[in-house]
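Student: Chains as they are written, first to last, in the numbering used here: chain A, 637 to 892; chain B, 637 to 892.
(1) Does the count of Cβ pairs from the stretch 867-878 of chain B and the stretch 639-654 of chain B closer than 8 Å reach three?
(2) Tell me which same chain residues have a C-beta within less than 6 Å of the C-beta of residue 725 of chain A, skipping the five on either side of it?
(3) Mind listing which residues of the stretch 871-886 of chain B have their C-beta closer than 8 Å to chain A's C-betas, in chain order?
(4) Does the pairing of the stretch 843-858 of chain A with the stretch 789-807 of chain A give three or more beta-carbon distances under 8 Å?
(5) Decide if residue 885 of chain B is buried, meaning its Cβ has at least 16 other Cβ atoms within 10 Å, or exposed.
(6) Return helix, strand or coil for residue 775 of chain A, following the three-state DSSP convention.
(7) In chain A, which residues lie with their C-beta within 9 Å of the C-beta of residue 646 of chain B?
(8) Please report the distance separating the alpha-carbon of residue 742 of chain A from that of residue 883 of chain A.
(9) My understanding is that residue 664 of chain B touches residue 647 of chain B, with C-beta atoms under 8 Å, so please give their C-beta distance in whole angstroms.
(10) Taking the Cβ atom as the reference point for each residue, do residue 769 of chain A and residue 694 of chain A lie within a distance shorter than 9 Å?
(11) Which two residues bound the contiguous beta strand (DSSP E) that contains residue 663 of chain A?
(12) So which residues on chain B does residue 732 of chain A lean against when the C-beta distance must stay under 9 Å?
(13) Would you call residue 852 of chain A buried or exposed, if buried means 16 or more other Cβ atoms sit within 10 Å of its Cβ?
(14) Between A:798, A:782, A:780 and A:704, which lies nearest to residue 684 of chain A when the distance is taken from Cα to Cα?
(15) Using a Cβ cut-off of 9 Å (strictly closer), state whether residue 845 of chain A contacts chain B.
(16) Please go through the same chain and pick out, in chain order, the residues whose beta-carbon is closer than 7 Å to the beta-carbon of residue 734 of chain B, but skip the five residues on each side of it.
(17) Taking the straight line between their C-alpha atoms, what separation do you get for residue 696 of chain A and residue 875 of chain A?
(18) With which residues is residue 800 of chain A paired in a DSSP beta bridge?
(19) Below 8 Å on C-beta distance, what does residue 686 of chain B contact in chain A?
(20) Give every residue of the same chain whose Cβ lies closer than 6 Å to the Cβ of residue 810 of chain A, excluding the five residues on either side of it in the sequence, and list them in chain order.
(21) Give the DSSP-derived three-state secondary structure of residue 685 of chain B in the structure shown.
(22) Helix, strand or coil, according to DSSP, for residue 677 of chain B in the structure here?
(23) How about residue 737 of chain B: is its C-beta nearer than 9 Å to some C-beta of chain A?
(24) Whole-angstrom Cβ separation of residue 698 of chain A and residue 720 of chain A, contact assumed at under 8 Å?
(25) Please confirm whether residue 863 of chain B and residue 681 of chain B have their CB atoms less than 9 Å apart.
(26) Could you name the residues of the stretch 701-728 of chain B whose beta carbon sits closer than 8 Å to any beta carbon of chain A, in the order they occur along the chain?
(27) Give the DSSP-derived three-state secondary structure of residue 625 of chain A in the structure shown.
(28) Contact check, residue 782 of chain B vs residue 818 of chain B under 8 Å by CB: the rounded distance?
(29) Let me confirm a value: residue 806 of chain B is counted as buried when at least 16 other C-beta atoms fall within 10 Å, else exposed. Which label applies?
(30) Which residues share a DSSP beta bridge with residue 736 of chain B?
(31) By alpha-carbon positions, which one of A:669, A:644, A:722 and A:688 ends up nearest to residue 653 of chain A?
(32) Return no unless some Cβ of chain A is closer than 9 Å to the Cβ of residue 693 of chain B.
(33) Measuring only between beta-carbons, confirm whether residue 842 of chain B sits less than 9 Å from chain A.
(34) Could you give the distance in angstroms between the alpha-carbon of residue 651 of chain B and the alpha-carbon of residue 774 of chain A?
(35) Sorted by chain position, which residues of the same chain lie with C-beta nearer than 6 Å to residue 881 of chain A's C-beta, five sequence neighbours on each side aside?
(36) Tell me the DSSP bridge mates of residue 866 of chain A?
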């Protein structure tokens, strides 16, 4: 009987710049009585990866450019916040008062280039003076955590860094994979016959996104604070992969 | 320790028009040794709901309109297939050879108005002569299954009908909720403080979509044939809801 079990790892402390996520995850796994197995996947919230990697910017250190000042007025946002968004942005996709949707330098189309004000509080900085950017290279963050976990346990697990993104045509955010290692981000079912041997029309599944969404459900968005989810029973063999597989290039995008 | 367990219900037979999904689900639950509890959710694949509701059209019975003939040439599709898509369509959103993205009469923006050729084989019809449309009213399908399950077991469960949709900016399909009953489709976290009492910026979560994606992962897309998933441990109290909550109206859509 196929079963997928997602467990929120307990007692993950507030993460500070420089923290060793691998050690923290191993400690929590031990407390939860979970022994890693091949084909397990760990899904880690972007926020704690960004924090551990020190991807914080103090608003008071930001000097907005002329362009940021101009856009900030149209957007009704803090110009320093807009400046940091622009620094993480390849191209602005849509803009309305209060909303800026961009192509992030890593290729994701998302709101505010993933630059967030909530849930941020590094050592000593007041809450409302800081912004948190996405990890420098989330696929690399995943690969590093995967490597360290293998070194510590001898087990190959998949690792996903997830975040919540809005969608073009649907309300609400859903979890998506920003980074992945050791999991197929996109599952290619091209040519797989269906129950009646009729070739499947829908051929590529956003596997890591579906797992990211499942984990997001359990993480909660607010005070619950469950930033690491352990998944067991993933019904596909794991393989190498990265979240860049999930990015639709501008040339193939019908909606820009 | 928060845990979400998804179980693919075993031995679901091939569904035929007129089949009683409630009886089939109850039989499978019994075989799996699962006793329904309050706050459990059942996620049911659109395909079997559509089949049970007889939402099949025989291609040989379809007479394409002039418009379908014209579009079929541009789309390089069977004009009869295009005709059925148009009958389910409120508005064409984008069109390229091989691809038609529409606003479905129920409001979803999706490829081919959800009209699918794969996995369809009603009594006596050859596989490649049939199309399957989305359920007439998926929220109603969910509400009915929920009501019947409550009558049979005394337990209030949530029900979601899911399907796989493409995304504007990301490759691969992910599971989304076409219908829902007894679950919050959209979870409104507006005003919920985060760990540092900073009001959350991202305020609405596509809860039923995240659960639909999780289930989709376990369903597989092809020969596995696991069309009903039981979810236990959903970390929010269930309430009334419907999947129309998840539809962004055209007026609020920045991408049409």
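In this text, a Cβ means the ideal position worked out from N, Cα and C, and glycines have one as well.
Tutor: Let's see:
(1) Cβ pair count under 8 Å is three or more, so yes.
(2) Hits under 6 Å: 738 and 749.
(3) So the list reads 871, 881, 882, 883 and 884, given in the order they occur along the chain.
(4) They touch, by the three-pair rule.
(5) That one is exposed.
(6) Helix at residue 775 of chain A.
(7) Counting only Cβ-Cβ distances below 9 Å, residue 646 of chain B has contacts in chain A at 637 and 638, in chain order.
(8) Using only the alpha carbons, I get a separation of about 9 Å.
(9) Between residue 647 of chain B and residue 664 of chain B the Cβ distance is about 6 Å, and since that is below 8 Å, they are a contact.
(10) In this structure, residue 694 of chain A does not lie closer than 9 Å to residue 769 of chain A by Cβ.
(11) Careful: residue 663 of chain A lies outside any beta strand (DSSP E), inside the alpha helix (DSSP H) at 657-668.
(12) Within 9 Å Cβ-Cβ: 890.
(13) Counting other Cβ atoms within 10 Å of its Cβ, residue 852 of chain A reaches 16 or more and is therefore classed as buried.
(14) Out of A:798, A:782, A:780 and A:704, A:798 has the C-alpha closest to the C-alpha of residue 684 of chain A.
(15) Interface residue, yes.
(16) So the list reads 711 and 712, once near-sequence residues are dropped.
(17) Distance between the alpha carbons of residue 696 of chain A and residue 875 of chain A is about 44 Å.
(18) Answer by DSSP bridge pairing, in chain order: A:811.
(19) Under a criterion of Cβ atoms nearer than 8 Å, no residue of chain A is adjacent to residue 686 of chain B; the nearest Cβ is some 14 Å distant.
(20) Closer than 6 Å at the Cβ level, and outside the excluded window around residue 810 of chain A, lie 849.
(21) The three-state secondary structure of residue 685 of chain B, taken from DSSP, is helix.
(22) Shown here, residue 677 of chain B sits in a strand according to DSSP, grouped into three states.
(23) Yes, because at least one Cβ of chain A sits closer than 9 Å to the Cβ of residue 737 of chain B.
(24) About 6 Å separates the Cβ atoms of residue 698 of chain A and residue 720 of chain A, confirming a contact at the 8 Å cut-off.
(25) Taking a C-beta distance under 9 Å as the contact criterion, residue 863 of chain B and residue 681 of chain B qualify as a contact pair.
(26) Listed by position along the chain: nothing, the set is empty.
(27) Residue coverage of chain A in this structure runs from 637 to 892, which leaves residue 625 of chain A outside it and unanswerable.
(28) The beta-carbon separation of residue 782 of chain B and residue 818 of chain B, rounded to 5 Å, stays under the 8 Å limit for a contact.
(29) Classification for residue 806 of chain B: buried.
(30) The partner list for residue 736 of chain B (beta bridge, DSSP) reads B:731.
(31) For residue 653 of chain A, the closest alpha carbon among the candidates A:669, A:644, A:722 and A:688 is that of A:688.
(32) Taking Cβ atoms only, chain A never reaches closer than 9 Å to residue 693 of chain B, which makes this a no.
(33) Answer yes: the Cβ-Cβ gap between residue 842 of chain B and chain A drops below 9 Å somewhere.
(34) It is roughly 43 Å from the alpha-carbon of residue 651 of chain B to the alpha-carbon of residue 774 of chain A.
(35) Excluding positions up to five away in sequence, the list reads 821 and 822.
(36) Answer by DSSP bridge pairing, in chain order: A:643 and A:678.
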